[in-house]
Each structure stands twice: as structure tokens, then as C-alpha cells.
Amino acid sequence: MDLLNTLVDKGLRRELPTREEALAVLATSDDDLLDVVAAAGKVRRQWFGRRVKLNYLVNLKSGLCPEDCSYCSQRLGSKAGILKYTWLKPDEASKAAAAGVAGGAKRVCLVASGRGPTDRDVDRVSKTIEAIKEEHEGVEVCACLGLLSDGQADRLREAGADAYNHNLNTSEETYGAITTTHTYADRVETVQQAQAAGLSACSGLIAGMGESDKDLVDVVFALRDLDPDSVPVNFLIPFEGTPLAKEWNLTPQRCLRILAMVRFVCPDVEVRLAGGREVHLRSMQPLALHLVNSIFLGDYLTSEGQAGQADLDMIADAGFEVEGAGTTTLPRHRADALTGGGCGSREEPGATGCGAQETSGASAATGCGPHGGGGCGPCSGHAAVGGGGESGPAAATETAGPARTDLVAVRRRGAGTDLAPNA
């Protein structure tokens, strides 16, 4: 297919496809799906080899959010039966993080619901970051706390944070249909504040909210312009008790096409498969590993994921390997740009960063991304619980399968509970 050959060539050169080409990926038929996955897989392997980065979410404060994001189970007025608790103490958060690190997670994503942190909240999170770093040398920490005020990103960076997640979620044109308590521009500004402070930016999207193909392409191109290091792709989990509870618009095939489109538009960026993968990809999750180079391990913010061991088995069975702690995730040109290093900007296939020792035998990227990344992504950037407007943007034309409410399970273990986490 000429389209796919063109997109592969552009991806290997880090050249931006046209909007028409991105739309054409979303419009491909099921008969061509494996060809689409194979083509995007070539781009994924060029920049990240066969490595899969593991990320682990710790929900520092669950529920109790004043924002009205329609996709979110923690939103104002949500009737979803989720866990609700206020701030975890630093030692409690560090203990929760330890489970993910023990399971192979390279990055811990600290998420708190709410519009944005107060200065006291930043102090709390700073102490939590210090506790985690003291316990786990070398682990990356990403914060996801909502909209930032002046100076807060710098304070998080000084405390040891490596990254900050704040998702755009959907296109600017349709954003007002999702949330009325803050704006799309507010989100963009927060990502830019994180970048200005020297934090690795993590920002992604949520699919399945009834958006059109144009909306998806618009938000992914906006992310490309914003240039985060990590792009989490979330698929809406339609929680009962939220405005989007009946939005079951996705099929496994559509999810794979969306992931392929993101990879073509963001070839050298960490693309993270985030919230909703178990619900919407189901038995086709292993195919997605040919498109993404990062996933969340275990549970999400308010929903349960598949067992952590099942994630590890899936990665191994599909012929991939977990990215080691000593491996630089981002390709060299991106890693150098982030650190200000001077190793040069030319990227060689399989390069692993500025003088980094490659310990896992492949190549890679960084980022968080709620929810379920990275982005990590809570109320002010949620990922594990996708979202759209009260009435929803223009609906996609693809016919989805029956609602699989049996796959939506509220998290009852891990952070904020007395039960062991799933990692």
C-alpha cells in the first residue's frame, strides 16, 4: 500500500505526515489492519527496538474533585462507586510505589485528583518524591497534579521529579463539550510550564468519547506541536455514574488504528498504552505492543487492570522485553535535547542516549501518562478513565461491539486500601 510505504519512510526520518495521511490510517479497512500494524511496527522498532517500558500509578488522593470532566469517575457529582480518600502520607505512597518497582516498573506516576495543587500540596508531593527516590535509587518519578501555578513546576523539579503529566485529552474544538471548569488553553499552559522547568513533559489523549476522526487527528497534531517526550493513549472506560457511561464506541480494530496513527505522527516519542486497554483491546493487546513502547503495569487510578504477571507474560510471549532500569528510554536526539547534553543530534537506529549503557539489548523513551499516564492522568489529566462531553463530540462512524461492562472493575486494592496492590 503506497500510503503505508510513505508513512514508514517519513517515520524513519522523523518527518511529519500530512493530516490527510493520518486520517487515511484511521479509515483503513479491517482487511488492511495487519499491514497497518506491521508498517507502524517498523517505525516503533527503529526508535525503540523491542523494549517495553513499564510504568506504575500511585493515586495519592482519590475522588473529591471540584472539576466537571465528563469522562472522569472522580469528577464533581460523580456517582461512580470508587474509592475516596485524602492524601496518602509519604511512607504510604512509597510503600505503594515499591510494589510497582518490584514488578519491573521503571517509572512511578504520582497522581492526585483536583484542579491543581496548593503550595502545601506541592510540599506533600515533594516529600513523597524524596521518600521514593531514597528507597529506590534510579527510579523515575512523574507527577500529575492538575493545573500548575507559577513556580510549582520548578519546586517539583528541585524535589527530584523527572516528569510532569497533563493530558490534552481531545481536540481544542471539542474540549468545551468535555469540561467547563477549565480550558484547553489552561492545559497547554501547564505542559509548557513543566517543560520550562526542565521536566520531561508527558501529555496525551483519550479516545472513545464519541469524537470524530478529525478530532483525533487534531489532538495528536497539537501534541506533536507541543512536543512532549511521552504521549499516553487512553481509551475511555465508561464508568457507571458518569455522563459518558453509555459511550461504547470502540472496537479492538479501531484502537489499533488509533495507536498506529499516533505512532506515525509521533515516531520517536514514547507512546504509552494507558487506561482502557484491557476493556477495549482485550485479546488483541499483544498486537498493540508493535505500536507502543510503554504500558502501565497493574491497576489504574480508580479501575483495575489485568494482573501484573499477565502483563509481563504478554510482553514475553509477544517477543518483547521489559526495558531495564539502566537503559535510556528516549532516542539520543531527544535525550540530549532534554538534558542539554552535547553528544550530537543525529540519531542512529537503536541508539540509546548520550553515552548511556544499553543493558537490555534493544533501544527506547521516557514519560508518564495517566492514566494512565502517563499520562498518569487524574481529574485534571485523567487517563484511566477516558472522557468526552456531556453530549459528546461528533460520533465516529465505526460500529462498536456490545458494551463489555463486565470488564469495568472499580479498584479496591493497593493505594488507599489495606489490600496488596496488583503488580
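In short: position in the sequence shown from 1, add 15, done, that's my numbering.
We treat Cβ as the ideally placed atom computed from N, Cα and C, and that holds for glycine.
In chain order, what residues of the same chain have a beta carbon less than 6 angstroms from the beta carbon of residue i, not counting five sequence neighbours either side?
i	result
Thr196	Glu82, Asp83
Val284	Val246
Gly243	Correcting the residue type first, residue 243 is Pro in the shown sequence and not Gly. So the qualifying residues of the chain are Ala216, Cys217, Ser218.
Ile153	For the record, residue 153 in the displayed sequence is Gly; it is not Ile. So the list reads Ala340, once near-sequence residues are dropped.
If we call anything under 7 angstroms between Cβ atoms a contact, is residue i one with residue j?
i	j	result
Pro417	Trp62	no
Leu238	Ser215	no
Asn489	Ala352	This structure gives no information on residue 489, because the portion of the chain shown stretches from 16 to 438.
Gly161	Gly191	no
Val140	Ala158	yes
Ala415	Asn184	no
Leu306	Leu274	yes
Leu103	Ser77	no
Val40	Met276	yes
Ile147	Val156	yes
Val286	Leu241	no
Glu293	Gln321	yes
Leu79	Cys124	no
Leu271	Glu262	no
Ala260	Pro253	yes
Gly291	Lys94	no
Leu38	Val232	yes
Leu316	Val126	yes
Asn249	Ala209	no
Ala108	Ile144	no
Quickly, what does DSSP pair residue i with across the bridge? List them, please.
i	result
Phe63	Paired residues: none, contrary to the question.
Cys159	Val126
Pro247	Arg287
Phe311	Asn70
Ile221	Asn249
Ala216	Tyr179
Could you check whether the Cβ of residue i sits closer than 7 angstroms to any Cβ belonging to chain B?
i	result
Glu204	Among the protein chains of the structure shown there is no chain B, as only one such chain exists.
Whose C-beta lies closer than 8 angstroms to the C-beta of residue i among residues of the same chain, with five residues either side of it excluded?
i	result
Ala411	Unreliable positioning characterises Ala411 in this predicted model, as indicated by a pLDDT of 45, which lies under 50. A coordinate reading is not provided.
Arg428	Asp314, Glu319, Leu434, Ala435, Pro436, Asn437
Ala111	Val73, Leu103, Gly429, Ala430, Pro436
Who are the near neighbours of residue i in its chain, counting only those whose CB is closer than 7 angstroms to its CB and skipping five residues on each side?
i	result
Val58	Val23, Gly26, Leu27, Arg278, Phe279, Pro282
Ala333	Pro301, Leu304
Asp169	Ala212
- Message: Assess contact between the segment 63-72 and the segment 173-181, defined as three or more Cβ pairs (one per stretch) separated by less than 8 angstroms. Is contact present?
- Response: no
- Query: Okay, do the segment 115-124 and the segment 306-313 touch, 3+ Cβ pairs below 8 angstroms being the bar?
  - Reply: yes
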